[in-house]
Amino acid sequence: MAGLGLGAGAALSGGEATAQESRVGTRALSAGHRLRNVAITNIVTSAGLGLGIRTPRGVLDVAGLERELKLGLPTRAIDLVTGHGNQKALGDLLAKGAAAAPARYLLAESAVRFGNIIEKPGKIICVGLNYAAHAAEDGRAPPKEPILFNKFNSAVNHHNGTIEISQETAPPKWDYEAELVLVMGKGGRNIPEASALDHVFGYACGNDFTNRDLQNRSAQWMLGKTQDKSGPFGPWLVSADQVDVNNLDMKMLVNGEVRQSTNTRLMIFSCAQIIAYCSTYFSLEPGDVIFTGTCEGVINGYPKDKQVWLKPGDKMVTSIQSLGELHVTLT
Ligand code: MN
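The sequence shown: position 254 = 245 (the working numbering), numbered continuously.
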């Protein structure tokens, strides 16, 4: 599988910008060199939230290391996404399986507390009905143009996170949606489809957790889509160079039972097409998050007499090839 050597050979790549990107003045222009071949997240330590990077020796607590060494390292995941901080020094620390990283800043992945990878995305864009079999179970024809809606950044959530549905007063038609999530690394307007994936920093497992009653209360789906913490993604943001994004197996498991199973090649609108389409109408910026749509198998698609909605205590796992497993529990 791609990504076995993640972190083992982190490499720098040039930060060239095209004339078009220069014209719109993306923040990436100041980025200089970019780390490639990485899987990043934010971890929670006694010092708070900080950048963590997966290495063959464990999860590197980059923020902790920076407090000691003061190398100007990036200290949050967003710093890497936007190209800020001393990426050369970080690349040196990650080289050769993180051989130069001090052992006291390498944590066992099983002991790591994961935090929100992008704390305050400027945009969280979602694509509806992006798999034909999911549109069909919803009784609809495949869309001819992408159906876009959004979550607010209060919906951000993380690996091993919880969603407190017992606190909500809305009717309890709670449903899962396994989705591939992408995070923009370079922004722009009118991004051509052919080069759109060059604008992606990386990919993660996502779950577009949904309240079906609220989703269908009006023609606008947003209310049922942007409950607090209803947009978890993680555990890792895997850099785009590691991911064959148009051929990834994806599953949703609920309490260990497989409910959804597909491959991203079955998306109606590819990641590149989604980026090109969105950027035709508004600017995309580094750190913007896109949920690319779910496949068939959601509870909403079951026959009415078979619909058993999610409840507190249920455990959801989004599993995507090369990206890992995102665990979320309802409380
Ligand atoms: Mn969705």
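We put the beta carbon where it would ideally sit given N, CA and C, even for glycine.
Whether residue 220 touches residue 148 by CB criterion (8 Å): Reading the sequence shown from its first residue, position 229 is the one you call residue 220. Reading the sequence shown from its first residue, position 157 is the one you call residue 148. Taking 8 Å as the Cβ cut-off, residue 220 and residue 148 qualify as a contacting pair.
Neighbourhood of residue 224 by C-beta distance below 6 Å, restricted to the same chain and skipping five residues each side: What you label residue 224 is simply residue 233 of the sequence shown in a count that begins at 1. 172, 195, 197.
Which of helix, strand or coil DSSP assigns to residue 321: Taking the first residue of the sequence shown as 1, we reach residue 321 at position 330. In this structure, residue 321 counts as strand in the three-state DSSP scheme.
Sub-8 Å separation of residue 98 and residue 44 beta-carbons: The residue given as residue 98 occupies position 107 in the sequence shown. The residue given as residue 44 occupies position 53 in the sequence shown. Going by beta carbons, residue 98 and residue 44 fall outside the 8 Å limit.
Contact check, residue 64 vs residue 89, beta carbons under 8 Å: Stepping through the sequence shown from its first residue, residue 64 is reached at position 73. Stepping through the sequence shown from its first residue, residue 89 is reached at position 98. In this structure, residue 64 sits away from residue 89, with a CB-CB distance that is not shorter than 8 Å.
First through last residue of the beta strand (DSSP E) which encompasses residue 251: Within the sequence shown, numbered from 1, the residue matching residue 251 stands at position 260. Note, residue 251: beta strand (DSSP E), 248 to 254.
Residue 170 CB to nearest heavy atom of the ligand MN below 7 Å: Taking the sequence shown and counting its residues from 1, one reaches residue 170 at position 179. At least one heavy atom of the ligand MN falls within 7 Å of the beta-carbon of residue 170.
Cβ contact (3+ pairs, closer than 8 Å) linking the stretch 269 to 278 and the stretch 122 to 135: Here the stretch 269 to 278 does not lie against the stretch 122 to 135, with fewer than 3 beta-carbon pairs under 8 Å apart.
Beta-carbon proximity of residue 163 to residue 300, cut-off 8 Å: Walking along the sequence shown from the start, residue 163 turns up at place 172. Walking along the sequence shown from the start, residue 300 turns up at place 309. Here residue 163 is near residue 300, since their CB atoms are less than 8 Å apart.
Reference residue 50; option with closest CA among 93, 62, 256: As a working mapping, residue 50 is identified with position 59 in the sequence shown. Of the candidates 93, 62, 256, the one whose C-alpha sits nearest the C-alpha of residue 50 is 93.
For residue 87, the three-state DSSP class (helix, strand or coil): As a working mapping, residue 87 is identified with position 96 in the sequence shown. Correct three-state label for residue 87: helix.
Whether residue 253 touches residue 236 by CB criterion (8 Å): Working through the sequence shown from its first residue, we reach residue 253 at position 262. Working through the sequence shown from its first residue, we reach residue 236 at position 245. No, Cβ-Cβ distance for residue 253 and residue 236 is not below 8 Å.
Residue 285 beta carbon near the ligand MN (any heavy atom closer than 7 Å): Indexing the sequence shown from 1 puts residue 285 at position 294. With a cutoff of 7 Å, residue 285 counts as near the ligand MN, since its C-beta is closer than that to a heavy atom of the ligand.
Where residue 234 falls: helix, strand or coil (DSSP): Translated into the one-based positions of the sequence shown, residue 234 becomes position 243. Residue 234 falls in the coil class under three-state DSSP.
Distance between residue 60 and residue 250 (C-alpha atoms, nearest Å): Numbered from 1 along the sequence shown, position 259 holds the residue referred to as residue 250. Numbered from 1 along the sequence shown, position 69 holds the residue referred to as residue 60. Note on geometry: alpha-carbon atoms of residue 250 and residue 60 lie some 47 Å from one another.
Exposure of residue 95, with buried meaning 16 or more beta-carbon neighbours within 10 Å: To locate residue 95, count along the sequence shown from 1; it is residue 104. By the 10 Å Cβ count, residue 95 comes out exposed.
Secondary structure of residue 21, DSSP reduced to three states: Position 30 of the sequence shown, counting from 1, holds the residue named residue 21. With a pLDDT of 36 at residue 21, under the threshold of 50, the modelled position of that residue is not reliable, and the figure given next carries that caveat. Helix.
Where the beta strand (DSSP E) containing residue 31 begins and where it ends: One-based indexing of the sequence shown puts residue 31 at position 40. It spans 30 to 36 - the beta strand (DSSP E) in which residue 31 sits, taken as one unbroken run.
At least three beta-carbon pairs within less than 8 Å, the stretch 108 to 120 to the stretch 134 to 147: Enough Cβ pairs lie closer than 8 Å, so yes.
CB of residue 105 within 8 Å of CB of residue 151, strictly: Indexing the sequence shown from 1 puts residue 105 at position 114. Indexing the sequence shown from 1 puts residue 151 at position 160. Yes; because the gap between Cβ atoms is below 8 Å, this pair is in contact.
First and last residue of the uninterrupted beta strand (DSSP E) at residue 169: The residue given as residue 169 occupies position 178 in the sequence shown. First-last of the beta strand (DSSP E) with residue 169: 169 to 175.
Exposure label - residue 142; buried when at least 16 CB within 10 Å: The residue you call residue 142 lines up with position 151 of the sequence shown. Here residue 142 is buried, its C-beta having at least 16 other C-beta atoms within 10 Å.
Residue 282 Cβ short of 7 Å to the ligand MN heavy atom set: In the sequence shown, counting from the first residue as 1, residue 282 sits at position 291. At least one heavy atom of the ligand MN is nearer than 7 Å to the Cβ of residue 282, so yes.
Nearest-angstrom Cα separation, counted from residue 25 out to residue 257: For the purposes of this step, residue 257 is identified with residue 266 of the sequence shown, where counting begins at 1. For the purposes of this step, residue 25 is identified with residue 34 of the sequence shown, where counting begins at 1. Each residue's alpha carbon lies about 31 Å from the other.
Boundaries (first-last residue) of the beta strand (DSSP E) holding residue 308: Reading the sequence shown from its first residue, position 317 is the one you call residue 308. DSSP places residue 308 in the uninterrupted beta strand (DSSP E) bounded by 306 to 311.
Every unbroken beta strand (DSSP E) within the stretch 175 to 220, with a cutoff of 3 residues, ordered by chain: Under the rule that a run must span 3 or more residues, the beta strand (DSSP E) segments found entirely inside the stretch 175 to 220 read 191 to 198.
Whole-angstrom C-beta distance between residue 166 and residue 289, which should lie under 8 Å: Within the sequence shown, residue 289 is the residue found at index 298, counting from 1. Within the sequence shown, residue 166 is the residue found at index 175, counting from 1. Between residue 289 and residue 166 a beta carbon distance of about 5 Å is seen, short of the 8 Å cut, so the two are scored as contacting.
Buried versus exposed, by CB contacts within 10 Å (16 or more), residue 206: Along the sequence shown, read from residue 1 onward, the residue named residue 206 stands at position 215. Label assigned to residue 206: buried.
Range covered by the beta strand (DSSP E) that runs through residue 117: Here residue 117 corresponds to residue number 126 of the sequence shown, with the count starting at 1. Boundaries of the beta strand (DSSP E) harbouring residue 117: 115 to 119, taken from the DSSP string.
Segment limits, beta strand (DSSP E) that includes residue 72: Here residue 72 is taken as the residue at index 81 of the sequence shown, counted from 1. For residue 72, there is no enclosing beta strand (DSSP E); the residue is found in the alpha helix (DSSP H) stretching over 68 to 73.
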